[in-house]
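Chains as they are written, first to last, in UniProt numbering: chain A, 1 to 399; chain B, 1 to 399; chain C, 1 to 383; chain D, 1 to 383.
Worksheet: one structure, shown below.
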Amino acid sequence: MPDIDLDSFRAETRAWLEENCPPEMRTPAASDDDQCWGGRKFTFQSEAQKLWLERMAAKGWTVPDWAPEYGGGGLSRAETRVLHQEMARIKARSPLSSFGIWMLGPALLKYGTEDQKREHLPPIARGEIRWCQGYSEPGAGSDLAGLQTRAVSATDEGGDYYIINGQKVWTSYADKADWIFCLVRTDPEAPKHKGISFILFDMDQPGVEPKPIRLISGSSPFCETFFTDARAEKKDLVYEENKGWDVAKYLLGHEREMISGMGHGGGGKTLPQMALDSVGVGAGGRLADPLMRAEIAMFEVRAAAYRAQAERFNDEWKAGRINPAVSSMMKYYGTELNKRRNELAMQAGGTGALEWESEESNGGKSARDWLRSKGNSIEGGTSEIQLNIVAKRVLELPG
Amino acid sequence: MPDIDLDSFRAETRAWLEENCPPEMRTPAASDDDQCWGGRKFTFQSEAQKLWLERMAAKGWTVPDWAPEYGGGGLSRAETRVLHQEMARIKARSPLSSFGIWMLGPALLKYGTEDQKREHLPPIARGEIRWCQGYSEPGAGSDLAGLQTRAVSATDEGGDYYIINGQKVWTSYADKADWIFCLVRTDPEAPKHKGISFILFDMDQPGVEPKPIRLISGSSPFCETFFTDARAEKKDLVYEENKGWDVAKYLLGHEREMISGMGHGGGGKTLPQMALDSVGVGAGGRLADPLMRAEIAMFEVRAAAYRAQAERFNDEWKAGRINPAVSSMMKYYGTELNKRRNELAMQAGGTGALEWESEESNGGKSARDWLRSKGNSIEGGTSEIQLNIVAKRVLELPG
Amino acid sequence: MPLYLTDDQDMLRDSAKGFLAVKAPVAHLRKLRDADDAAGYDPALWKECAEMGFTSILIPEAEGGLGLGHVEAGVVLEEMGRNLTPSPMLPTAVAAVAALKKGGAQHRDKWFPKIASGDATVALAIDEGAKHDPAATAMRAERSGNGFKLSGRKRFVVQGHTADMLIVAARTAGSAGESDGITLFAVEKGTAKMTADPRRLADSSFAAVVEFDGVELDADAVIGEVDAGWAPLTAMLCAGRAGASAELLGVGQGTTDQTMAYIKERKQFGVIIGTFQALQHRAAHLYAELEVARAATLKAQQLLDDIVDEKSADRARRAVHTAKAMTGLATTLAVQEGVQMHAGVGMTDEYDVGLYMKRARTLAELFGDTNYHADRLACEAGY
Amino acid sequence: MPLYLTDDQDMLRDSAKGFLAVKAPVAHLRKLRDADDAAGYDPALWKECAEMGFTSILIPEAEGGLGLGHVEAGVVLEEMGRNLTPSPMLPTAVAAVAALKKGGAQHRDKWFPKIASGDATVALAIDEGAKHDPAATAMRAERSGNGFKLSGRKRFVVQGHTADMLIVAARTAGSAGESDGITLFAVEKGTAKMTADPRRLADSSFAAVVEFDGVELDADAVIGEVDAGWAPLTAMLCAGRAGASAELLGVGQGTTDQTMAYIKERKQFGVIIGTFQALQHRAAHLYAELEVARAATLKAQQLLDDIVDEKSADRARRAVHTAKAMTGLATTLAVQEGVQMHAGVGMTDEYDVGLYMKRARTLAELFGDTNYHADRLACEAGY
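Shown next, in the form of structure tokens:
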């Protein structure tokens, strides 16, 4: 039986998008820099980008399934799906890329007070405030709960607040964000998971100093961020004091859902094609470098098998048939494959792939991608952590 | 300056060997079964084998550097070397294969009383008593010192003795040996290394039951051996009670010196030759199976490099320049290489190498060698134990 | 179709698992081996397998079978792999059925009922060299009167000494290396001038060297078309390879289950060795390899069951190459880690892990090893 | 000769180590890089290296050098690798010297004094494709009057934009793939119609693409014999590959030393991560790979220093293939494990491990990667 309401919603949406989505916004964004991130410091790359955000935000469609009072479109799940299908149909870009939407929003919707939601969600939806996250610290990577950034209660004429001192690392776009959602230690005496709070504060204050991190692959969105007597209002504490770890776990779970696409190798040329272009064909129509060919052939077997596994994982996940800890296996295998793929791409590219700045090398793209890929098995939980999780929670090994 | 004494010793030895070594004993032994092991239960395979043992034993040359009073030849190190060179010159076989010579002898010479030496060494030298060793137990493999076989003191009209109960495993040729040198627990209350004794006793008694172990590769020299109220005389305790671990460690050190030949792959065909014979030549004169070729080529690199490392290790060892724990690295790498070599030999041999009994397959030699090679990284300390040792004693990693 | 078993397939698995656990656990293989059995399997058990419906899975309903697919065949084979059950399931009820589906009615009418009832088994005579390479088929089938005369030698004919019929690939045209010019023949047991010399393999199964010394066959012995045997041969090998992948997976999973159980119990230095992090990481890596191999195998089976045209057939064939290559990698790792983690006892015949290692080796070689399939994929991808 | 360093060689190592630790630690590379230096190395440091005698090691005593061997050159290169010291040592004082020893007196008389004094550097123009393959040399050198005219393009000419002389391999006969017909030429900086386009590489070093647009050379520019350049080319490449192996080994050892120090200090979950058994086993395995690579390298160096006839030259050449292949494997593992064990900080430019990873990649590619050398050994062994 056709859903008449949904059909009419689809027709209306299609018409609205046709009319309102600027033609320039109907092509994919080439890179992070090409996306619309919003926020106080953001400079729109084009009038079209600005217009597209404004029009979508006005309808609440930057966050279509949030309630209208929080800046959302109030759409049902089915309507939201229709909207995404219709956007995909005309290849419309997402109007807004935002850690506020992807991460803080879900956390506030689950753990925030009504006041917090009304204060913080609408500016996120409209792209007015850009957020960054403050999780990892130099001494707390795999052991996130070992974080040391301190928040001490204080009061002044402005009310109750926290004084924050410490350092975060791997804060993406901290130098461009307006506010931060941040894990801080509020009880240094408690067991480590029990003394952490989840707090929001404005980055635009003297005690906050973000410093971009240079990676081995070149510049990056990551920052180190230093807090020296930074101020956070008590009203911006999310959930209860010393219960921030619950919020963090919820958010990390969210993050892990995004991983199963790993190991597919991005678009562009396949590894065999890359090798053929670089090395050429030898005896019997085979790749001229026989040992490279063998390595690539073996990689391709694993890559094809992993694509099947990714399909299976997604199918089982959707059907609720799977131990969530299996996602650790996916993360491990996918990232290791992607690193291997980049190693082989460097081998295939040979001396040309070593170039770092030349035009032919597209600014050293192969080499930079290769080096950047080494982070895959570190960020979002190291391979070692994933293997620990699989051993304990899937294989149920003791200890 | 030529050593005149040594030169005349060489001439005499050469003459004696020419006259006394039967021609049949001037070819290498084909297998363990082909060697002369001596002992009460031994059946000589030939008159020549018997004669060769008797003649050499009469001169004390089964153990040329032991003192004459212990059945040895009383030769100096230099003379012993000359004897070995002259034997090698005519390809003379060793007259006697013996754990008594290789293992117990050195231990008794270092830790035994004068009475013990005079009682036990001459029959070893003459090949009259065949020994086996009782170290590992089902519950004490890598953790050898965790052994549980109990020895309890007792006295009767025959004197002071121990009553032994327990089980040993991996006792090579226990079913063919006359006596055993055995680690037993004499103090169950003491820390595990401090309650162990090293004791000798006769296997020919009702309480001793050796049972051959069938391996995955087929029959083997190994046995399980069960002791039920077996008797060992107190006079046959070597070194002090509860200090047997010192003797054991000394013996294990001896064992480890024999390892650096691993990974060379025995004689016979090289892996590439084996593959060429089995798979044939394809495009461009290369092995017809290109991925097998790549695997073999990469193996050959590691094997050649390891040969250099074995040479270096031996040179450094002789010069006393090396951390003894490096031998663990050699054992690890050499045995892993040998396993790899056998995997590749099976791949190269293909379906023919799967045959287990046929004549063409020489009774399944490839398959049995392959399966037997899996034990290389287990016996004499597992690869895991070797890696632990390298991590701790070479790399000095903590914990 | 989601990439996991349907409820019906799950039920089939439970039923096969239950049946084999009782009738043919590893002890069954040991019994046959230690009795120096000359057949390589237990015909009585095989009849029971037929009664369970295992032999009918791939036979179309219209021809008296269950009309199920490669997924279902794989479910049974995986359980056989897990139990190391000796049986002619893979050549007879999977590979041969797939070939005969592409053959004439005379073959189907004759053999499908007997296969279904467990009264006939079939063996495949394809390989000639030490390594699987069907395009290299060189054995000649000369035209002779209305029929053909076969001369040459086939190797690694699994259960060739007991089979009631052999499917034989021989060259009626062209030369070794070409896929055109090969013809498939059905050759019945007892045909004159054919002799099978059974060789016991490391895993206690048998494969025969079969000599054809001018074996005379009628024209209707041909399966499919003369000179165009590559099509039924490919169908047969795809089925065989997907089935071998499933069985390999069962071998890998079976040994790994035992290994995990062992390291959860075994103590060294007073500590359960399964707590050692180095072993845990290796175990987790092994788990990943097996899961990836499992997905590749299921994908191949589903695609085989989904063939509608040449394009989907090609896609399925490639997926089968991937599955056989990947299960070879994963299960080889599983048996190696199995023996090493069992350590001393893993080297003894008393424990099962050595039997798994031997079976894995035979299956890895059967219908082409990892290198063969990875190489095929590379050639097809044009490098 | 025992396979370890002599006392004299140990002293040389200590002296190189001390010198480089002060003059050219990793900070020196960072300084050059961050200043966007256009030369790729520091000429003043190079003069000091010459004063230390590094540039004279392989030059015969009779020609004003130290008359030492490849072991000694390797000792210095290993320390340079350990410190990531940018210098023209490998092409100039090792590879070029080995080639010129096989060349005419005109070259030796001219270049040896300048190389020894640090006043001249040499670059090698061999590669034409993306992968090292000297036999594939296709660039033509046509006869022209009494001399030759060179046309074509060379790639990956390390420090080609700063070198005072280029050793160029070009084809005077035969065709790509043949070792006969190649001739080596000495081409001086500033020669007309030759242009070098420097490309900065990932490791901050420079390699040039060099265009020869009808470059005219006198007959005495030839190194060795016309059409028979394969001999001096092989000598040069053997020296270069053994040297690159030593430098790679230094890179692998240098980064591993830092990694071991890091995991002995770094805590996670309140525990020093170096206590985790999984890391310990990987560290021990890495140690083994590096030691095996070290032995292979020293063996190759000793055999190069021991060449007396064709047979010993062949043996040395094979040992060099092994060394370069094995150091490629070991050091690649070392930098990969280095970054992973450093985890987050390993990804930052602030720590050195990323610089080691980049340098390792360049050296792995230089003079042929592991696959190239393993393949050569296989071809020579007849498979």
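Note that the Cβ used here is the ideal one computed from N, Cα and C, for glycine as well.
Keep in mind that this is a model prediction, so the values were computed, not measured.
Short CB-CB distance (under 7 Å) between residue i and chain C
i	result
residue 369 of chain B	no
residue 269 of chain D	no
residue 277 of chain D	yes
Segment limits, beta strand (DSSP E) that includes residue i
i	result
residue 202 of chain A	196 to 202
residue 134 of chain B	131 to 134
residue 142 of chain D	140 to 144
residue 161 of chain B	159 to 172
7 Å Cβ cutoff, residue i in contact with chain D
i	result
residue 263 of chain A	The predicted model places residue 263 of chain A with a pLDDT of 41, which falls under 50 and marks its position as unreliable, so this point remains unresolved.
residue 354 of chain A	yes
residue 390 of chain B	yes
Bounding residues of the alpha helix (DSSP H) (the contiguous stretch that carries residue i)
i	result
residue 223 of chain B	Per DSSP, residue 223 of chain B belongs to no alpha helix (DSSP H); it is in the beta strand (DSSP E), 222 to 233.
residue 6 of chain B	4 to 20
Interface flag, residue i vs chain B, CB-CB below 7 Å
i	result
residue 281 of chain D	yes
residue 31 of chain C	no
Distance CB(residue i)-CB(residue j) smaller than 7 Å
i	j	result
residue 291 of chain B	residue 374 of chain C	yes
residue 24 of chain C	residue 92 of chain C	no
residue 322 of chain D	residue 245 of chain D	no
residue 248 of chain D	residue 356 of chain A	no
residue 359 of chain C	residue 226 of chain C	no
Inter-residue spacing [alpha-carbon to alpha-carbon] between residue i and residue j
i	j	result
residue 151 of chain A	residue 356 of chain D	39 Å
residue 304 of chain C	residue 311 of chain C	12 Å
residue 109 of chain C	residue 63 of chain C	8 Å
residue 188 of chain A	residue 140 of chain A	15 Å
residue 430 of chain D	residue 134 of chain D	Absent from the structure is residue 430 of chain D, since the part of chain D shown begins at 1 and ends at 383.
residue 128 of chain B	residue 177 of chain B	11 Å
residue 230 of chain C	residue 312 of chain B	55 Å
residue 83 of chain A	residue 132 of chain A	27 Å
Proximity test, Cβ basis, 7 Å: residue i and chain A
i	result
residue 365 of chain D	yes
residue 284 of chain B	yes
residue 303 of chain C	no
residue 15 of chain D	no
residue 348 of chain D	yes
residue 372 of chain C	no
residue 243 of chain C	no
residue 322 of chain C	yes
residue 387 of chain B	no
Contact set for residue i: own chain, Cβ-Cβ below 8 Å, skip 5 residues either direction
i	result
residue 51 of chain C	118
residue 118 of chain B	69 and 70
Sequence-distant residues of its chain with Cβ nearer than 6 Å to residue i (five each side left out)
i	result
residue 391 of chain C	With chain C represented from 1 up to 383, any question about residue 391 of chain C goes unanswered, as that position is not in the structure.
residue 389 of chain A	325 and 328
Close Cβ partners of residue i (< 7 Å) along its chain, the five nearest in sequence each way excluded
i	result
residue 402 of chain A	No information on residue 402 of chain A is available, as it lies outside the stretch 1 to 399 that chain A covers here.
residue 161 of chain C	196, 198, 206 and 208
residue 183 of chain C	141, 170, 172, 222, 226, 227 and 229
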